[in-house]
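Chemist: Protein chains in written order, with UniProt numbering: chain A, 1 to 399; chain B, 1 to 399; chain C, 1 to 399; chain D, 1 to 399.
This is the structure, below, for whatever I ask next.
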């Protein structure tokens with residue numbers, strides 16, 4: 001392996017890549033994992049029951065801590081309220097801390113109570129909107145308590161049929177609820193606004209695309225930003241374009257990573273089109289090298305989060321796989337020689353520019369990642385190490 | 001209303017439409033409703049609980065009987081096994097008979113047991129394939145008992161990731177299970193094979209499109225035919241083309257009607273693009289007028305079934321709405337002057353042919369349907385009549 | 001026919017529809033037709049040559065005047081520069097005037113010169129951007145000369161491969177070109193900004209969706225608005241939702257009407273999913289009845305334009321068909337009882353709200369349109385009247 | 001580089017990969033390039049004119065010979081008739097031979113004459129169908145003359161509007177034309193039948209999907225097989241599934257390689273989702289290792305062809321890039337340890353099976369390809385070698 005890395009080093013040196021910076025970037029990236037990714041999840045047809053599932057939020061933290069232990073880059077866990085509600089959040093925070101992890105984004109749930117059948121913050125019934133707002137405010141409080149600086153908002157609001165709801169008015173209602181929530185944020189907090197093309201609403205979704213989330217964020221203020229869930233777009237959508245665009249507008253706040261081939265299939269990120277994930281990181285790294293410091297700041301402050309519901313996979317290995325896939329594509333994107341791309345662009349050399357981007361993707365970053373992991377003190381092959389650790393078997397006793 | 005129908009009659013006469021035949025066709029069409037459409041259904045996010053849901057198969061029959069009572073064209077109910085399993089099918093049949101309805105297609109369920117997580121008839125484990133085959137054979141027996149002549153097969157089999165399953169072998173495994181089932185059919189029975197683009201499998205579905213279902217049906221024999229579920233296609237797919245093609249091959253056996261704007265959204269049939277439903281019927285009626293008697297026979301023996309899972313709608317009204325939408329588009333399609341279309345085709349008159357088809361769609365068939373309903377002895381406005389009947393309130397006592 | 005209208009009138013009266021207003025709205029709607037819709041157009045595979053094509057802009061005006069003559073609602077023709085360049089625009093304007101029509105939107109062409117291969121206003125080469133800007137300014141001048149108050153902008157700018165162009169910078173370059181153009185507008189002029197999902201750029205389009213066009217319009221100012229081309233969206237996109245949203249933001253400026261089943265197929269508007277067109281008008285008319293006068297103003301000042309390239313159809317009949325399809329769906333949308341929809345929404349009655357919208361679509365508006373046409377002094381059946389007029393034969397002498 | 005290959009060799013040895021076989025497979029794969037890929041091509045908006053384009057079929061052969069010269073795996077060129085029509089095919093064949101290349105598939109053109117506006121082999125006019133059949137027979141003759149054993153058929157036949165054509169009858173008409181053509185084949189020839197989802201037909205395409213092409217091939221006989229064009233599917237379609245399925249049916253005959261993000265965009269193969277191309281080869285190689293010799297034979301006799309129309313790229317480099325992309329993904333697929341995948345499948349180890357496939361994709365095959373190219377006597381870096389060869393400049397004198 002030593003030889004492999006040495007060879008890799010020589011190659012990158014020859015290509016003009018600053019490997020020191022590559023190492024630093026790889027050591028500093030953070031990918032948040034979701035508490036709901038550690039439990040049984042299903043399709044509308046069936047939720048298959050696995051053994052060893054965490055029985056409460058504390059055990060979810062324990063499972064999540066394993067992912068961090070073996071990858072070294074997942075120290076935070078996103079919470080979903082009320083799924084992760086506990087009596088004593090300070091205690092939960094301490095438990096997490098003792099495991100070497102912390103609380104990440106707080107995700108309110110506004111879709112699993114009967115009252116929300118026809119909408120939460122967009123419901124025509126003001127009492128239901130009030131209830132939804134109270135839940136949002138509760139989540140801001142929880143964030144403050146657990147030390148989280150991200151409120152991550154996804155709404156199931158929408159309609160199934162033409163005429164079902166007053167589309168224009170619903171925008172206004174959502175704004176009012178979010179404004180009240182926004183005003184409750186402390187200055188260090190961010191509100192990330194997610195959009196979704198469809199599901200569970202099948203005619204219209206109130207925040208259907210990046211444009212609607214972006215416009216809402218603009219109206220709310222600086223602390224509101226857009227969250228891109230990679231599975232929430234129409235077929236054919238160029239996601240990296242949206243990413244580049246939002247960074248250009250200084251309004252990209254974060255990601256929910258996952259993959260999908262058809263609808264919002266929640267597959268392991270990077271498993272359908274890994275090149276797309278690479279191209280997303282290429283756009284981010286290109287922006288991080290922009291001359292405008294505000295663009296740089298945006299690119300460097302993106303919250304990376306996994307959001308997947310594994311139906312058939314073993315949960316912890318699936319999460320490790322996801323993190324490794326993200327890390328792999330990020331590493332490859334770090335090998336793009338941006339100056340070379342720019343030079344080809346200047347010369348209007350289409351094939352040259354394309355090659356400068358693609359050739360980084362075709363490289364094997366295994367030696368690089370092994371070297372970085374060694375520096376970080378985590379196993380060179382996190383998946384094997386986890387599988388051999390016995391943790392997976394130990395939790396079977398949970399039932 | 002009399003005046004309206006008289007006017008309609010004159011117009012159609014002037015257009016050369018044989019209204020007597022139209023009435024007959026409208027009186028003889030049968031649309032089967034699904035037992036599972038009368039109970040709570042949901043998305044993976046939430047199943048909203050409604051009041052008054054049937055507590056068993058007998059009550060589902062009672063609800064389904066209401067749809068028939070008010071529309072007059074829904075005398076059969078599709079069963080889903082084991083959801084509709086009862087101790088005594090003869091008793092169930094009698095109960096249904098007493099309500100004026102009968103048992104329609106039998107639908108096996110091969111996706112809701114933990115063993116089927118990685119497939120049923122395509123599972124790499126022969127014991128699970130055996131179990132699945134036994135269930136299929138059980139369903140053939142139930143069909144014989146309840147007097148149903150249709151076995152309607154949908155498989156959730158598929159994979160979520162490249163490499164997960166041996167794709168070619170799985171085709172063979174499915175064939176073996178279906179062959180054994182096919183051989184158990186009595187000569188009057190049909191096996192309808194459904195296909196689905198995706199979900200719940202997110203990488204590949206073993207019967208992903210009409211071509212795979214068609215090829216399977218061809219290999220099995222004459223009693224096997226393809227079932228088209230209108231919601232199970234890729235975006236942009238021309239469904240009426242597939243319908244016309246399958247009739248041309250004498251292999252179209254039936255429909256599962258529903259609508260979708262995005263994935264397989266299970267919305268009320270005809271609610272997203274009613275013109276598409278009209279065009280499907282135009283193709284069927286065009287085939288019913290073919291010179292080849294075998295084509296005619298195929299076109300006249302299609303099993304029309306609703307397959308929808310209403311998430312937010314009231315179940316019985318949603319089913320009535322669905323039936324009415326189908327009836328409306330069928331009625332409009334009956335007004336296409338096929339000779340006029342053919343004449344325009346012969347003249348290579350693109351706009352003329354298109355107009356000859358479309359103009360039937362733009363007609364108001366309300367007077368026609370009222371007249372036909374009067375002849376059939378059902379309410380002229382089935383929806384209002386049902387809503388005023390008090391049945392919906394009476395079942396609230398079920399809890 | 002008299003009887004048919006009388007019956008229609010009674011029905012609408014009973015439904016509470018203000019037929020006088022319906023007539024007025026139908027008489028005042030204006031649909032602009034495009035000069036490029038009267039000439040041979042093709043796919044990349046072939047442009048089929050028809051006889052009788054106009055040989056210059058003057059003859060295009062003559063053909064367009066026929067559409068207005070028979071429909072009464074198409075008095076303006078959109079120009080495409082340089083395709084419609086003439087020596088003396090005042091003379092052209094007079095020619096049009098003598099035919100009873102006028103000049104509509106001015107459409108610059110920034111995609112048919114070799115220099116624009118890698119972009120026009122987004123080209124990395126500042127000389128090419130300058131050239132593009134000069135063309136835009138020239139078009140503003142032409143608009144002033146011919147008395148047009150709409151500059152309608154569509155850009156082919158985009159890339160085919162990752163890395164080919166600097167995505168973020170291109171946004172800025174476009175802004176600079178458009179800002180200069182915007183500043184040249186007179187206060188009565190509007191700049192309509194069109195977006196397109198893909199084609200002719202196949203990796204990214206610089207204005208790929210409504211959000212990017214909207215954001216650009218916001219930055220430019222009040223006179224810049226978004227133009228929705230019904231064919232320029234990803235599969236599954238809810239266009240009427242975008243329409244409602246943009247009106248809510250007071251930024252919807254106009255439409256390019258056409259239909260598509262797959263890509264941007266440029267079929268006759270309303271020929272693929274007429275219900276979608278109806279729902280677009282339902283949203284517009286709902287907004288026109290908003291309590292906010294600014295919303296009303298936006299809804300009442302939308303520029304309706306056809307943008308189709310007929311590959312196989314006869315040009316003038318295809319344009320008449322298109323106009324009639326728009327008129328038909330507009331007429332149906334005028335029959336939606338908005339108060340009834342609102343009432344159902346308030347009651348959270350999903351099926352009731354849907355029915356209130358759909359039932360208007362299912363009505364036959366032929367008697368209404370005949371009556372309105374009579375009032376307007378145009379033929380009751382514009383298509384037949386045109387086909388019988390002999391104009392189509394007379395122009396064959398053009399060659 | 002030597003060190004890089006040595007390292008690579010060790011790694012693969014450790015993984016149990018038979019590198020000797022890998023080398024042999026890489027040396028024996030053949031990728032045909034299309035004569036029409038060497039000339040100016042465009043979108044419907046514009047064909048940009050490049051300098052140095054071949055002025056006749058002889059010069060196209062010369063350009064194609066360059067691709068073979070630098071890659072070593074492209075010795076055949078597909079012809080398009082009548083575009084490539086010459087007076088003396090024997091002479092053309094000799095010219096090609098002198099350049100080290102030969103004639104590949106013969107592609108009839110049935111879409112660029114005015115008579116074909118409403119169809120060729122599916123035209124309602126029997127005279128036009130006759131003309132089309134004559135052209136097909138002419139192409140069979142040309143194939144015999146130039147020594148080609150593949151007739152590659154793509155039809156633009158379809159309709160733009162409902163009602164425009166008699167869908168069922170058109171299937172029969174196509175069959176009759178193809179049957180006559182099929183009967184003219186010599187026993188060593190193959191007829192490859194391509195399908196396309198849409199374009200240039202925008203309502204229905206007579207051969208819209210693999211199922212229709214497959215059924216046609218089945219009816220014609222053993223020498224008829226399906227051709228998969230990677231750009232001709234609905235969004236979301238799992239192409240490798242279709243590939244596996246068709247091999248399982250022993251009916252996959254060949255490929256037209258290209259990439260698309262949206263419609264049929266004709267981008268360089270492997271430039272949008274290289275993983276998809278890799279997975280196609282994984283399915284082929286898995287089949288080549290099947291126990292059934294007939295499956296093996298099918299998998300080993302697939303005709304690989306590029307079919308791209310480069311709009312903005314330099315033609316010869318774009319073709320070299322395409323070939324290299326195919327070669328790269330083929331090489332990666334050769335590194336999949338099939339036994340490992342099977343073992344994981346047997347254990348129902350979803351993540352393990354996925355990893356066994358994906359890990360081959362993540363490897364850098366540059367050292368392998370360099371080694372293979374050295375053995376073959378072609379440049380290690382074909383693209384650089386071509387760019388430095390001066391050929392591109394030399395042809396500019398063509399004008």
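Just so you know, even glycine gets a beta-carbon here, dropped at the ideal spot from N, CA and C.
1) Along chain D, which residues have their Cβ under 9 Å away from the Cβ of residue 210(B)?
2) Answer yes if the segment 283-302 of chain C comes into contact with the segment 317-324 of chain C, meaning at least three C-beta pairs across the two stretches below 8 Å, and no otherwise.
3) Using 10 angstroms around the beta-carbon of residue 396(D), count the other beta-carbons present and answer buried if the total reaches 16, otherwise exposed.
4) Between residue 103(A) and chain B, is there a C-beta pair that is closer than 8 Å?
5) Give me the residue from 346(D), 197(D), 332(D) with the minimum Cα distance to residue 359(D).
6) Assuming contact is defined by CB atoms lying nearer than 8 Å, are residue 48(B) and residue 111(A) in contact in what I supplied?
7) How long is the line joining the alpha carbons of residue 249(A) and residue 220(C), rounded to whole angstroms?
8) Could you confirm whether any beta carbon from chain C is found closer than 8 Å to the beta carbon of residue 4(B)?
9) Rounded to whole angstroms, what's the CA-CA distance from residue 167(A) to residue 247(C)? Just pull it up for me.
10) Who are the Cβ neighbours of residue 95(B) in its own chain at under 7 Å, not counting the five residues just before and after it?
11) Just list the residues that DSSP pairs residue 32(C) with in beta bridges.
12) Could you check where the alpha helix (DSSP H) with residue 108(A) kicks off and where it finishes?
13) When you compare the CB of residue 46(D) with every CB in chain C, is at least one pair closer than 8 Å?
14) Taking the straight line between their C-alpha atoms, what separation do you get for residue 368(A) and residue 383(D)?
15) Between residue 168(A) and chain C, is any beta-carbon pair separated by less than 8 Å?
16) Looking at C-beta atoms only, is the number of pairs between the segment 261-271 of chain D and the segment 267-282 of chain C that lie closer than 8 Å three or more?
17) If we require 4 or more residues per run, which alpha helix (DSSP H) segments fall completely within the segment 198-278 of chain B?
18) Out of 70(C), 175(C), 230(C), 122(C), state which residue places its alpha-carbon closest to the alpha-carbon of residue 323(C).
19) Can you check which of these residues, 32(D), 10(D), 63(D), is closest to residue 393(D) by C-alpha distance?
20) Under three-state DSSP, which class holds residue 190(B)?
21) If we ignore side chains and look at the alpha-carbon of each, how far apart do residue 39(A) and residue 50(A) end up?
22) Taking the Cβ atom as the reference point for each residue, do residue 307(B) and residue 229(B) lie within a distance shorter than 8 Å?
23) Tell me where the beta strand (DSSP E) around residue 78(B) begins and ends.
24) I need the boundaries of the alpha helix (DSSP H) containing residue 372(B), first residue and last residue.
25) Please decide whether residue 194(C) counts as near chain B, where near means a Cβ-Cβ distance under 8 Å.
26) Taking residue 281(B) as the reference, give the member of 311(B), 338(B), 310(B), 309(B) with the closest Cα.
27) Hey, could you find the ends of the beta strand (DSSP E) residue 152(B) is sitting in?
28) Spatial neighbours of residue 202(D) within its chain, please: CB distance less than 6 Å, with the 5 preceding and 5 following residues excluded, ordered by chain position.
29) In the DSSP assignment, find the unbroken alpha helix (DSSP H) run with residue 393(D) in it and report its ends.
30) Write down the C-beta distance between residue 341(C) and residue 326(C) rounded to the nearest angstrom, noting that I regard them as a contact closer than 8 Å.
31) Enumerate in chain order the residues of its own chain whose CB-to-CB distance from residue 93(A) is below 7 Å, with the five nearest sequence positions on each side excluded.
Modeler: The answer reads as follows:
1) Ordered by position in chain D, the residues that pass the 9 Å Cβ test against residue 210(B) are 209, 211.
2) Result no; under three Cβ-Cβ pairs closer than 8 Å.
3) Answer is exposed; the Cβ neighbour count stays below 16.
4) Not closer than 8 Å to any Cβ of chain B, the Cβ of residue 103(A) fails to qualify, so no.
5) Of the candidates 346(D), 197(D), 332(D), the one whose C-alpha sits nearest the C-alpha of residue 359(D) is 332(D).
6) With contacts defined by Cβ atoms closer than 8 Å, residue 48(B) and residue 111(A) do not form a contacting pair.
7) One C-alpha to the other measures close to 15 Å.
8) Residue 4(B) counts as touching chain C.
9) Rounded to whole angstroms, the separation of the alpha carbons of residue 247(C) and residue 167(A) is 11 Å.
10) Contacts found: 58, 61.
11) Looking at the DSSP assignment, residue 32(C) forms a beta bridge with 305(C).
12) Careful: residue 108(A) lies outside any alpha helix (DSSP H), inside the beta strand (DSSP E) at 102-108.
13) Chain C, which has a Cβ nearer than 8 Å to the Cβ of residue 46(D), makes this yes.
14) Cα atoms of residue 368(A) and residue 383(D): separation of roughly 27 Å, rounded to the nearest angstrom.
15) Contacts with chain C at 8 Å (Cβ-Cβ) include residue 168(A).
16) Too few Cβ pairs lie closer than 8 Å, so no.
17) 210-220, 239-248, all fully within the segment 198-278 of chain B.
18) Of the candidates 70(C), 175(C), 230(C), 122(C), the residue whose Cα lies closest to the Cα of residue 323(C) is 70(C).
19) Per the Cα distances, 63(D).
20) Residue 190(B) falls in the strand class under three-state DSSP.
21) Each residue's Cα considered, the two are about 9 Å apart.
22) Contact flag set, yes.
23) Counted as a single uninterrupted DSSP element, the beta strand (DSSP E) harbouring residue 78(B) occupies residues 76-81.
24) Membership of residue 372(B) in the alpha helix (DSSP H) is indicated by the continuous run 366-376.
25) Chain B, which has no Cβ nearer than 8 Å to the Cβ of residue 194(C), makes this no.
26) Cα-wise, what sits closest to residue 281(B) is 338(B).
27) Looking at the DSSP string, the run of the beta strand (DSSP E) that includes residue 152(B) is 150-153.
28) Closer than 6 Å at the Cβ level, and outside the excluded window around residue 202(D), lie 160.
29) Looking at the DSSP string, the run of the alpha helix (DSSP H) that includes residue 393(D) is 391-394.
30) Separation of the CB atoms of residue 341(C) and residue 326(C) is rounded to 22 Å, and the pair is thereby denied contact status at 8 Å.
31) So the list reads 103, 146, 147, once near-sequence residues are dropped.
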